[in-house]
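Just below is one structure, and these are the notes that go with it.
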Amino acid sequence: MSAPAIYAIGDIHGHLDKLREVHDWIAEDMRRNATSDSKVVHIGDLVDRGPDSAGVIAFLQRGQSDGAPWVVLKGNHDRMFTTFLGDPFRTDPGLRSDLSWLDPRLGGSGTLASFGVSGADVRPPADVHADAVRLVPEDVKQFLTGLPTSFMADTTFFAHAGIRPGIPLKEQREDDLLWIRRDFLDDPRDHGALIVHGHTAIKRPTHHGNRVNIDSSAAYGGPLSAIVIEAERVWLIGPKGRSPLVPE
(Lines of atoms letter the chains of each structure in order from A and count residues from 1; the text may use other names and numbers.)
(Lines give C-alpha, C1' and ligand atoms only; values in the text may rest on other atoms or scores of the structure.)
Protein backbone atom coordinates (compact mmCIF):
# COMPACT_ATOMS: atom_id res chain seq x y z
CA MET A 1 0.00 0.00 0.00
CA SER A 2 1.37 3.42 -0.93
CA ALA A 3 1.96 6.06 1.72
CA PRO A 4 -0.85 8.60 2.22
CA ALA A 5 -0.62 12.01 0.64
CA ILE A 6 1.17 14.68 2.65
CA TYR A 7 0.24 18.34 2.37
CA ALA A 8 2.57 21.23 3.19
CA ILE A 9 1.86 24.93 3.72
CA GLY A 10 4.50 27.62 3.32
CA ASP A 11 5.58 30.48 5.60
CA ILE A 12 2.41 32.03 7.07
CA HIS A 13 3.81 35.19 8.73
CA GLY A 14 0.70 36.25 10.59
CA HIS A 15 -1.78 35.98 7.70
CA LEU A 16 -4.72 34.18 9.26
CA ASP A 17 -7.05 34.92 6.34
CA LYS A 18 -4.65 33.30 3.87
CA LEU A 19 -4.14 30.32 6.18
CA ARG A 20 -7.88 29.69 6.46
CA GLU A 21 -8.22 29.90 2.68
CA VAL A 22 -5.43 27.40 2.06
CA HIS A 23 -6.90 24.99 4.59
CA ASP A 24 -10.21 25.21 2.74
CA TRP A 25 -8.41 24.23 -0.49
CA ILE A 26 -6.74 21.31 1.26
CA ALA A 27 -10.02 20.12 2.77
CA GLU A 28 -11.61 20.14 -0.69
CA ASP A 29 -8.64 18.28 -2.16
CA MET A 30 -8.91 15.67 0.57
CA ARG A 31 -12.61 15.27 -0.22
CA ARG A 32 -12.00 14.91 -3.95
CA ASN A 33 -9.11 12.50 -3.61
CA ALA A 34 -10.15 10.51 -0.53
CA THR A 35 -7.02 11.43 1.42
CA SER A 36 -8.63 12.11 4.80
CA ASP A 37 -5.90 10.14 6.60
CA SER A 38 -3.18 12.53 5.40
CA LYS A 39 -1.19 14.99 7.46
CA VAL A 40 -0.78 18.71 6.85
CA VAL A 41 2.69 20.09 7.55
CA HIS A 42 3.09 23.80 8.29
CA ILE A 43 6.66 24.71 7.37
CA GLY A 44 7.19 27.36 10.10
CA ASP A 45 7.36 31.14 10.48
CA LEU A 46 3.88 31.41 11.90
CA VAL A 47 4.54 34.95 13.13
CA ASP A 48 5.91 38.38 12.14
CA ARG A 49 5.25 40.79 9.25
CA GLY A 50 1.53 39.97 9.00
CA PRO A 51 -1.49 41.45 10.81
CA ASP A 52 -2.61 38.57 13.05
CA SER A 53 0.17 36.37 14.42
CA ALA A 54 -1.86 35.74 17.57
CA GLY A 55 -4.79 34.54 15.46
CA VAL A 56 -2.57 32.19 13.44
CA ILE A 57 -1.20 30.58 16.59
CA ALA A 58 -4.68 30.23 18.10
CA PHE A 59 -5.98 28.66 14.89
CA LEU A 60 -3.19 26.07 14.85
CA GLN A 61 -3.45 25.34 18.57
CA ARG A 62 -7.20 24.84 18.29
CA GLY A 63 -6.85 22.57 15.27
CA GLN A 64 -4.34 20.33 16.98
CA SER A 65 -6.43 20.25 20.16
CA ASP A 66 -9.44 19.18 18.10
CA GLY A 67 -7.44 16.29 16.67
CA ALA A 68 -6.61 17.67 13.23
CA PRO A 69 -3.70 15.76 11.63
CA TRP A 70 -1.50 18.84 11.58
CA VAL A 71 2.25 19.06 12.02
CA VAL A 72 3.50 22.55 12.90
CA LEU A 73 7.23 23.14 12.50
CA LYS A 74 9.32 25.85 14.11
CA GLY A 75 10.67 28.68 11.96
CA ASN A 76 13.40 31.16 12.75
CA HIS A 77 10.84 33.92 13.38
CA ASP A 78 8.99 31.71 15.84
CA ARG A 79 12.24 31.12 17.73
CA MET A 80 13.09 34.83 17.72
CA PHE A 81 9.71 35.49 19.35
CA THR A 82 10.28 33.02 22.18
CA THR A 83 13.88 34.20 22.59
CA PHE A 84 12.61 37.74 23.17
CA LEU A 85 10.05 36.50 25.69
CA GLY A 86 12.90 34.91 27.62
CA ASP A 87 15.44 37.74 27.35
CA PRO A 88 14.82 40.96 25.36
CA PHE A 89 18.56 41.60 25.02
CA ARG A 90 19.53 38.18 23.70
CA THR A 91 20.10 37.91 19.94
CA ASP A 92 19.26 34.73 18.09
CA PRO A 93 22.53 33.17 16.87
CA GLY A 94 21.20 33.10 13.31
CA LEU A 95 20.45 36.82 13.25
CA ARG A 96 22.88 39.56 12.22
CA SER A 97 24.42 41.16 15.29
CA ASP A 98 23.23 44.65 14.27
CA LEU A 99 19.57 43.59 14.22
CA SER A 100 17.02 42.74 16.86
CA TRP A 101 13.65 41.05 16.60
CA LEU A 102 11.96 44.42 17.17
CA ASP A 103 13.61 45.92 14.08
CA PRO A 104 10.83 46.95 11.64
CA ARG A 105 12.39 44.74 8.96
CA LEU A 106 11.72 41.63 11.05
CA GLY A 107 8.18 42.31 12.24
CA GLY A 108 8.38 41.56 15.95
CA SER A 109 6.49 44.70 16.90
CA GLY A 110 3.53 43.64 14.75
CA THR A 111 3.47 40.22 16.36
CA LEU A 112 3.43 41.77 19.83
CA ALA A 113 0.71 44.23 18.76
CA SER A 114 -1.51 41.25 17.88
CA PHE A 115 -1.25 40.25 21.54
CA GLY A 116 -2.03 43.78 22.76
CA VAL A 117 1.53 45.06 23.28
CA SER A 118 1.66 48.54 21.77
CA GLY A 119 4.59 50.65 20.56
CA ALA A 120 7.12 47.83 20.64
CA ASP A 121 9.28 49.47 17.96
CA VAL A 122 9.62 52.79 19.80
CA ARG A 123 9.68 51.94 23.52
CA PRO A 124 12.60 50.64 25.61
CA PRO A 125 13.00 46.87 25.11
CA ALA A 126 12.77 46.20 28.85
CA ASP A 127 9.36 47.90 29.04
CA VAL A 128 8.15 46.08 25.95
CA HIS A 129 9.36 42.81 27.42
CA ALA A 130 7.50 43.38 30.66
CA ASP A 131 4.27 43.93 28.75
CA ALA A 132 4.92 40.93 26.51
CA VAL A 133 5.43 38.62 29.47
CA ARG A 134 2.15 39.88 30.91
CA LEU A 135 0.06 39.77 27.72
CA VAL A 136 1.37 36.81 25.73
CA PRO A 137 -0.28 33.71 27.25
CA GLU A 138 2.05 31.12 28.72
CA ASP A 139 0.49 28.39 26.58
CA VAL A 140 1.50 30.33 23.47
CA LYS A 141 5.12 30.45 24.63
CA GLN A 142 5.04 26.74 25.47
CA PHE A 143 3.44 25.91 22.11
CA LEU A 144 6.09 27.77 20.12
CA THR A 145 9.00 26.56 22.22
CA GLY A 146 7.88 22.96 21.87
CA LEU A 147 7.45 22.95 18.09
CA PRO A 148 9.48 20.29 16.27
CA THR A 149 12.16 21.44 13.84
CA SER A 150 11.67 18.74 11.21
CA PHE A 151 9.31 16.02 10.05
CA MET A 152 9.97 12.94 7.94
CA ALA A 153 7.26 11.23 5.90
CA ASP A 154 8.28 8.31 3.70
CA THR A 155 10.91 9.80 1.32
CA THR A 156 10.20 13.46 2.10
CA PHE A 157 11.88 15.56 4.79
CA PHE A 158 10.27 18.80 5.93
CA ALA A 159 12.19 21.64 7.63
CA HIS A 160 11.72 25.38 7.74
CA ALA A 161 14.94 26.53 6.05
CA GLY A 162 16.50 23.33 4.75
CA ILE A 163 19.36 21.10 5.82
CA ARG A 164 23.14 21.13 6.09
CA PRO A 165 24.24 19.08 3.04
CA GLY A 166 26.38 16.06 3.79
CA ILE A 167 25.03 15.64 7.34
CA PRO A 168 22.62 12.74 8.01
CA LEU A 169 19.04 13.94 8.35
CA LYS A 170 18.79 12.61 11.91
CA GLU A 171 21.87 14.65 12.91
CA GLN A 172 20.80 18.06 11.60
CA ARG A 173 21.26 21.03 13.95
CA GLU A 174 18.37 23.31 14.85
CA ASP A 175 20.27 26.43 13.75
CA ASP A 176 20.62 25.00 10.23
CA LEU A 177 17.05 23.71 10.05
CA LEU A 178 15.80 27.21 10.93
CA TRP A 179 18.32 29.49 9.25
CA ILE A 180 20.41 27.91 6.48
CA ARG A 181 20.37 29.46 3.01
CA ARG A 182 23.15 29.42 0.40
CA ASP A 183 25.03 26.32 1.56
CA PHE A 184 21.79 24.40 1.10
CA LEU A 185 20.15 26.29 -1.76
CA ASP A 186 23.22 26.06 -4.00
CA ASP A 187 23.85 22.35 -3.42
CA PRO A 188 22.48 20.19 -6.27
CA ARG A 189 23.19 16.78 -4.73
CA ASP A 190 20.64 14.17 -3.70
CA HIS A 191 20.07 14.57 0.05
CA GLY A 192 18.63 11.11 0.54
CA ALA A 193 15.09 12.53 0.63
CA LEU A 194 13.16 15.28 -1.09
CA ILE A 195 13.57 18.35 1.13
CA VAL A 196 10.49 20.56 1.44
CA HIS A 197 11.26 23.97 2.95
CA GLY A 198 10.43 27.64 3.10
CA HIS A 199 12.44 30.52 4.66
CA THR A 200 13.78 31.93 1.38
CA ALA A 201 10.99 33.99 -0.17
CA ILE A 202 10.35 33.48 -3.89
CA LYS A 203 7.50 34.36 -6.25
CA ARG A 204 6.01 30.87 -6.50
CA PRO A 205 6.72 27.36 -5.20
CA THR A 206 9.57 25.81 -7.13
CA HIS A 207 10.70 22.19 -7.51
CA HIS A 208 14.48 21.88 -7.89
CA GLY A 209 14.61 18.11 -8.06
CA ASN A 210 16.29 17.61 -4.69
CA ARG A 211 14.21 20.22 -2.86
CA VAL A 212 10.94 22.15 -3.08
CA ASN A 213 10.71 25.74 -1.83
CA ILE A 214 7.14 26.65 -0.83
CA ASP A 215 7.70 30.16 0.62
CA SER A 216 5.80 32.24 -1.94
CA SER A 217 6.34 35.56 -0.12
CA ALA A 218 3.18 35.83 1.98
CA ALA A 219 5.26 38.07 4.26
CA TYR A 220 5.69 40.56 1.42
CA GLY A 221 2.23 40.62 -0.13
CA GLY A 222 2.47 37.34 -2.04
CA PRO A 223 0.14 34.37 -1.71
CA LEU A 224 0.35 31.61 0.85
CA SER A 225 0.98 28.37 -1.00
CA ALA A 226 0.31 24.70 -0.38
CA ILE A 227 1.47 21.54 -2.08
CA VAL A 228 0.55 17.89 -1.85
CA ILE A 229 3.02 15.02 -2.27
CA GLU A 230 1.66 11.65 -3.29
CA ALA A 231 3.61 8.66 -4.67
CA GLU A 232 6.68 10.95 -4.91
CA ARG A 233 4.84 13.36 -7.22
CA VAL A 234 4.19 16.97 -6.24
CA TRP A 235 1.21 19.18 -7.01
CA LEU A 236 0.27 22.75 -6.15
CA ILE A 237 -3.08 23.12 -4.40
CA GLY A 238 -5.34 26.00 -5.36
CA PRO A 239 -9.00 27.01 -5.49
CA LYS A 240 -9.46 24.92 -8.65
CA GLY A 241 -7.67 21.86 -7.35
CA ARG A 242 -4.27 20.37 -8.18
CA SER A 243 -1.71 21.40 -10.78
CA PRO A 244 1.56 19.48 -11.27
CA LEU A 245 4.75 20.93 -9.81
CA VAL A 246 7.61 19.36 -11.72
CA PRO A 247 11.40 19.82 -11.36
CA GLU A 248 12.82 22.79 -13.24
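Using this note's numbering, read the sequence shown as starting at 1136 and increasing by one per residue.
Where is the CB? At the ideal position from N, CA and C, for every residue including glycine.
For residue i, I'd like the list of residues in its chain whose CB is within less than 6 Å of its CB, leaving aside the five on either flank, ordered along the chain.
i, result
"GLN1199", "TRP1205"
"ARG1339", "SER1351"
"GLY1190", "LEU1151"
"ALA1288", "ILE1141"
"LYS1209", "GLY1179, LEU1282, THR1284"
"VAL1176", "ALA1143, VAL1206, PHE1286, PHE1293"
Among residues of its own chain, excluding the 5 on either side of residue i, which ones have a beta-carbon nearer than 8 Å to its beta-carbon?
i, result
"PHE1194", "LEU1151, LEU1154, ARG1155"
"ASP1310", "PRO1228, GLY1229"
"GLY1221", "none"
List the whole-angstrom C-beta distance separating residue i from residue j, where the pair is believed to meet the contact cut-off of C-beta under 8 Å.
i, j, result
"ILE1141", "ALA1353", "In fact, because the Cβ distance is near 20 Å, the residues do not count as touching under 8 Å."
"VAL1347", "VAL1331", "5 Å"
"LEU1282", "ASP1213", "6 Å"
"ASN1345", "ASP1325", "6 Å"
"GLY1245", "TRP1236", "Going by Cβ atoms, the distance from GLY1245 to TRP1236 rounds to 11 Å, so no, they are not a contact pair."
For residue i, is the classification buried or exposed, using 16 other Cβ atoms within 10 angstroms of its Cβ as the cut-off for buried?
i, result
"HIS1343", "exposed"
"ILE1144", "buried"
"ARG1433", "The structure shown does not extend to residue 1433, since the chain spans only 1136 to 1383, so no value can be given for it."
"SER1249", "buried"
"PRO1223", "buried"
"MET1165", "buried"
"ASP1262", "exposed"
"VAL1381", "exposed"
"ALA1294", "buried"
"GLY1297", "buried"
On the DSSP bridge list, what partners appear for residue i?
i, result
"MET1287", "PHE1292"
"VAL1347", "VAL1331, HIS1342"
"VAL1369", "ILE1364"
Which same chain residues end up closer than 7 Å to residue i when comparing Cβ atoms and leaving out the 5 residues on each side of it in sequence?
i, result
"PRO1374", "TRP1160"
"GLU1367", "THR1290"
Check your understanding: For the 8 Å Cβ check, are there 3 or more pairs between the segment 1213-1231 and the segment 1299-1306?
Key -> no
Review point. Is it a yes or a no for the segment 1317-1336 touching the segment 1172-1186, going by three-plus beta-carbon pairs under 8 Å?
Key: yes
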